[in-house]
Amino acid sequence: MDSGNLDQGSLERARLPPSVVSWRFTRHMAESPITARSQDFATWYQDVVLQGDMAEPAEIVKGCMVIKANGYAVWEVMQREFDDRFKRTNHQNVYFPLLIPQSFLKKEAEHVEGFSPELAVVTIAGGKELEEPYVIRPTSETIIGHFFAKWIQSWRDLPVLVNQWANVVRWELRTRMFLRTTEFLWQEGHTAHSTHEEALEEVLRILDIYAEVAESVMAMPVIKGVKTRAEKFAGALKSYSIEAMMQNGLALQAGTSHDLGQNFGKAFDVQFQNKEGQLDYVWQTSWGVSTRLIGGLIMTHSDDKGLVLPPRLAPVKSVLVPIYRKDEEKSAVLEAAHRIAAEVGAKVDDREGQTPGAKFFHWERRGVPVVLELGPRDLASGKIVLKRRDTGAKEPVEQSVVKEKLAAALEDTQTSLFARAKDRLKANTVLANSLEEVQSILKDATAEKGGGKFVMAHIKDDPDCDAVLKEFKATVRNIPLVDEYDGPGKCIITGETVDHRAVIAKAY
RNA sequence: CGGGGCGUAGCGCAGCCUGGUAGCGCACCUGCCUUGGGCGCAGGGGGUCGGGCGUUCAAAUCGCCCCGCCCCGACCA
Numbered sequence: 014m015d016s017g018n019l020d021q022g023s024l025e026r027a028r029l030p031p032s033v034v035s036w037r038f039t040r041h042m043a044e045s046p047i048t049a050r051s052q053d054f055a056t057w058y059q060d061v062v063l064q065g066d067m068a069e070p071a072e073i074v075k076g077c078m079v080i081k082a083n084g085y086a087v088w089e090v091m092q093r094e095f096d097d098r099f100k101r102t103n104h105q106n107v108y109f110p111l112l113i114p115q116s117f118l119k120k121e122a123e124h125v126e127g128f129s130p131e132l133a134v135v136t137i138a139g140g141k142e143l144e145e146p147y148v149i150r151p152t153s154e155t156i157i158g159h160f161f162a163k164w165i166q167s168w169r170d171l172p173v174l175v176n177q178w179a180n181v182v183r184w185e186l187r188t189r190m191f192l193r194t195t196e197f198l199w200q201e202g203h204t205a206h207s208t209h210e211e212a213l214e215e216v217l218r219i220l221d222i223y224a225e226v227a228e229s230v231m232a233m234p235v236i237k238g239v240k241t242r243a244e245k246f247a248g249a250l251k252s253y254s255i256e257a258m259m260q261n262g263l264a265l266q267a268g269t270s271h272d273l274g275q276n277f278g279k280a281f282d283v284q285f286q287n288k289e290g291q292l293d294y295v296w297q298t299s300w301g302v303s304t305r306l307i308g309g310l311i312m313t314h315s316d317d318k319g320l321v322l323p324p325r326l327a328p329v330k331s332v333l334v335p336i337y338r339k340d341e342e343k344s345a346v347l348e349a350a351h352r353i354a355a356e357v358g359a360k361v362d363d364r365e366g367q368t369p370g371a372k373f374f375h376w377e378r379r380g381v382p383v384v385l386e387l388g389p390r391d392l393a394s395g396k397i398v399l400k401r402r403d404t405g406a407k408e409p410v411e412q413s414v415v416k417e418k419l420a421a422a423l424e425d426t427q428t429s430l431f432a433r434a435k436d437r438l439k440a441n442t443v444l445a446n447s448l449e450e451v452q453s454i455l456k457d458a459t460a461e462k463g464g465g466k467f468v469m470a471h472i473k474d475d476p477d478c479d480a481v482l483k484e485f486k487a488t489v490r491n492i493p494l495v496d497e498y499d500g501p502g503k504c505i506i507t508g509e510t511v512d513h514r515a516v517i518a519k520a521y
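Next up, the structure:
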């Protein structure tokens, strides 16, 4: 795994936050502020988001959330990681309108069918009823199709490789912070190519980028695969996804990349003249990841004490908490604290009127990967205490080597978070060879109580088969691109032979 | 969109059944004291009881309507 780029540098955007309410060991608050995962996973998740100061429900705007500074800073790091990779593969950023003429959505039959129920529509503007309503974009294939048609005439105009960072609105019936909100932030890439082969290469190139960022930056292992026909994007030929496993064993679709074929090209008349002088429709792709990834990040690494952030994504990688009693200690400790912090790129928490203990809890809840403790005893011994968020291990180190020790701790945290998540994924992946088996493994799994598994089984890519699984709320997450199991076998529902096993799970 | 729960100070709640001065803990402010895992003591500030309409001499409390949040289901990144 690439472990570079661990310096605080320009990613350090945080200011000293307002103090967060803290209760855990106070006399009159018996219950802990963060519900244990084992008790109720869904409530735990919400507690971590709130206590980690990542986001809060918008309360006055149904189904929406406020992404707070701590959460947005993580999103900014993610954006940069993805954006750098998109640029390196020759994509350019653009921006299309938020409002899309309603008629556009209707041009691709499957697309309109898929999105109609969740559209927000603007019918009145400027005090007048509009002749044609606008929909607030749920995604931008249609409006981009319209402009592609304008821009593309010749094979020389291809490929077109664009991406936009934007907000979209989907009127969801049930929302959870980051995982599913009415409005969310994402990037949507849209490309047009002269051949299907080239489009397919693009789709898989992006899927690789998604998987690489998920694994090496977010330390979140994923399975790359193809969606079933029943689960694919409305209007696509095929959809590919990366699927991650949360700590409760439920699956989370963490990114999708679509082979749109010529469906939108035909709907929006995006034609080009090929080298043979013939008119042909372009082959398009679209792909996206959203703020949902932050939810995945939280449910992959965080623990009962709060947020745990992999160092490569942590807006604040290390905080130094000074400890002192008397005034003469205070000046000496603070002087050393600022000197060491400047040297290693840590933030000093020199807030007055807060005990060190309160500060430890504060940064722990916010997922800071390493906390350094410096007090009079350390000054006397020339040491400093280094504490890791992921393991809770405390180690006194010589001040002369703290920079190296800190870098090593951050790197090791990054690696071991990934290893731990990967182990969990493996430990909770099981094989099944009959429908009854799949059902008995998954039937009791819920978002709150956990117990989810990835069940690898042979199943035909047929909506009727998806429908059977749906009866017990399971879905085919994807059909992995790489078969790590036993090749062809009989479908657990139809008995027909299929290439290899698919991932069946309950999902968010 | 159906079922359940909830909405009272920044946060967590009590009060509602049985109508009659708006309460508690934490947080916050001031002072002293403390600081290696959520210090302590004393004093203090803070509320259109989610909104509207109604019943009543009187509504946080009773009735009707609306809004929002959380959980569970059906739809979805």
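According to my numbering, the first sequence holds residues 14 to 521 in order. The beta-carbon is built from N, C-alpha and C at its ideal position, and this holds for glycine as well. Everything numeric in this text was worked out from a predicted model, so none of it was measured.
Are there 16 or more other CB atoms within 10 angstroms of the CB of Y108, so buried, or fewer, so exposed? The residue given as residue 108 occupies position 95 in the first sequence. By the neighbour-count rule (16 or more Cβ atoms within 10 Å), Y108 is not buried but exposed.
With a threshold of 16 other CB atoms inside 10 Å of the CB of G158, please say whether the residue is buried or exposed. Here residue 158 refers to the residue found at position 145 when the first sequence is read from its first residue. Classification of G158: buried, given that the 10 Å Cβ count is 16 or more.
If you draw a straight line from the C-alpha of K330 to the C-alpha of K288, how long is it? Translated into the one-based positions of the first sequence, residue 330 becomes position 317. Translated into the one-based positions of the first sequence, residue 288 becomes position 275. Approximately 53 angstroms between the Cα atoms of the pair.
Which first and last residues belong to the beta strand (DSSP E) in which N176 is found? Start at 1 with the first residue of the first sequence, and residue 176 comes out as number 163. Residues 173 to 182.
Counting beta carbon pairs with one atom in the region 214 to 231 and one in the region 461 to 468, are three or more of them shorter than 8 angstroms? no
Spatial distance of S252 from V226 (CA atoms): Counting from one through the first sequence, the residue named residue 252 turns up at place 239. Counting from one through the first sequence, the residue named residue 226 turns up at place 213. So the alpha carbons of these two residues sit roughly 19 angstroms apart.
Presumed contact (8 angstroms Cβ cut-off) between H203 and S270, rounded CB distance: Within the first sequence, the letter at position 190 stands for residue 203. Within the first sequence, the letter at position 257 stands for residue 270. Between S270 and H203 the Cβ distance is about 12 angstroms, and since that is not below 8 angstroms, they are no contact.
Where does I454 fall in DSSP's three states? Numbered from its first residue, the first sequence carries residue 454 at position 441. In the structure shown, I454 sits in a helix (DSSP, three-state: H, G or I).
K75: which of A371, A122, T195, K81 sits nearest, CA to CA? Your numbering for residue 75 matches position 62 in the first sequence. Here the closest residue by C-alpha is T195.
V410 and K416 - do their beta-carbons sit closer together than 7 angstroms? Here residue 416 refers to the residue found at position 403 when the first sequence is read from its first residue. Here residue 410 refers to the residue found at position 397 when the first sequence is read from its first residue. Not closer than 7 angstroms, so no.
Pick from L192, T102, E145, R101 that is closest to A58, judged by C-alpha positions: On the first sequence, residue 58 is found 45 positions in, with the first residue counted as 1. Reading the sequence as shown, one finds Tyr at residue 58 and not Ala. Distances from the alpha-carbon of Y58 to those of L192, T102, E145, R101 put L192 closest.
Alpha carbon to alpha carbon, how far is A264 from K240? Position 251 of the first sequence holds residue 264. Position 227 of the first sequence holds residue 240. Cα to Cα, the separation comes out at about 13 angstroms.
N- and C-terminal bounds of the alpha helix (DSSP H) containing N276: Here residue 276 refers to the residue found at position 263 of the first sequence. That run of the alpha helix (DSSP H) goes 276 to 280.
Whole-angstrom distance between I222 and T102, CA atom to CA atom: Locating residue 102 in the first sequence gives position 89, counting from the first residue. Locating residue 222 in the first sequence gives position 209, counting from the first residue. The straight-line gap from Cα to Cα measures roughly 10 angstroms.
Check each candidate in W88, D436, N276 and name the one with the smallest Cα separation from A68. As a position in the first sequence, residue 68 is number 55, starting the count at 1. Taking only the C-alpha atoms, the option nearest A68 is W88.
Residue from Y498, H471, G500 with nearest C-alpha to A515: Sequence index remark: in the first sequence, residue 515 carries index 502 (1-based). When only C-alpha atoms are compared, the closest one is H471.
Meets three-Cβ-pair contact criterion under 8 angstroms: the region 385 to 400 and the region 330 to 344: yes
Would you call the region 109 to 119 and the region 244 to 259 in contact, with 3 or more CB pairs under 8 angstroms? no
Roughly how many angstroms lie between the CA atoms of T507 and A445, to the nearest whole one? In the first sequence, the residue the question calls residue 507 occupies position 494. In the first sequence, the residue the question calls residue 445 occupies position 432. Linking T507 to A445 through their CA atoms gives a straight-line distance of about 15 angstroms.
Which residue wins for smallest C-alpha separation from Q266, given the options E484, E210, I307? As a first step, residue 266 must be located in the first sequence, where it is residue number 253. Among E484, E210, I307, the Cα nearest to that of Q266 is on I307.
Cα-Cα separation, G301 to R98: Locating residue 301 in the first sequence gives position 288, where the first residue counts as 1. Locating residue 98 in the first sequence gives position 85, where the first residue counts as 1. Each residue's alpha carbon lies about 14 angstroms from the other.
Using CA atoms only, rank isn't needed, just tell me which of W178, E144, L143 is closest to R150. Reading the first sequence from its first residue, position 137 is the one you call residue 150. For the residues W178, E144, L143, the minimum Cα distance to R150 belongs to W178.
I think R378 touches L320, with their Cβ atoms under 8 angstroms apart; what is that distance to the nearest whole Å? The residue given as residue 378 occupies position 365 in the first sequence. The residue given as residue 320 occupies position 307 in the first sequence. Their Cβ separation, rounded to whole angstroms, is 6 angstroms, which keeps R378 and L320 in contact under 8 angstroms.
What residue ranges within the region 298 to 351 form continuous beta strand (DSSP E) runs of no fewer than 3 residues, ordered along the chain? 331 to 335
DSSP has M258 in a bridge; who is on the other side? For the purposes of this step, residue 258 is identified with residue 245 of the first sequence, where counting begins at 1. DSSP output for M258 lists A264 as bridge partner(s).
List the whole-angstrom C-beta distance separating W296 from T208, where the pair is believed to meet the contact cut-off of C-beta under 8 angstroms. As a first step, residue 296 must be located in the first sequence, where it is residue number 283. As a first step, residue 208 must be located in the first sequence, where it is residue number 195. So it is a contact: roughly 6 angstroms between Cβ atoms.
Separation of E244 from L482, as counted between CA atoms: Here residue 482 refers to the residue found at position 469 when the first sequence is read from its first residue. Here residue 244 refers to the residue found at position 231 when the first sequence is read from its first residue. Taking the straight line from one Cα to the other gives about 12 angstroms.
Going by DSSP in three states, G508 sits in which element: helix, strand or coil? The residue given as residue 508 occupies position 495 in the first sequence. G508 falls in the coil class under three-state DSSP.
Thinking C-beta only, is P323 closer than 7 angstroms to A86? Looking up residue 86 in the first sequence gives position 73. Looking up residue 323 in the first sequence gives position 310. Contact flag unset, no.
May I have the straight-line CA-CA distance separating Y9 from D477, to the nearest angstrom? This structure cannot speak to residue 9, because the chain is shown only from 14 to 521.
Are there 16 or more other CB atoms within 10 angstroms of the CB of I73, so buried, or fewer, so exposed? Indexing the first sequence from 1 puts residue 73 at position 60. It counts as exposed.
Would DSSP call A71 helix, strand or coil? On the first sequence, position 58 is the one that residue 71 refers to. Three-state DSSP puts A71 in coil, outside helix and strand.
Can I255 and V235 be called in contact, C-beta distance under 7 angstroms? Within the first sequence, residue 255 is the residue found at index 242, counting from 1. Within the first sequence, residue 235 is the residue found at index 222, counting from 1. Taking 7 angstroms as the Cβ cut-off, I255 and V235 qualify as a contacting pair.
Assign H203 to one of three DSSP states: helix, strand, or coil. Within the first sequence, residue 203 is the residue found at index 190, counting from 1. The answer is strand: DSSP assigns H203 an E or B state.
My assumption, with CB atoms under 8 angstroms, is that A460 sits in contact with A55. Please give the rounded CB distance. Taking the first residue of the first sequence as 1, we reach residue 460 at position 447. Taking the first residue of the first sequence as 1, we reach residue 55 at position 42. About 5 angstroms; that satisfies the 8 angstroms criterion.
Candidates G278, A518, A212, S303: which alpha carbon is nearest E450's? The residue given as residue 450 occupies position 437 in the first sequence. It is A518 whose Cα lies nearest to the Cα of E450.
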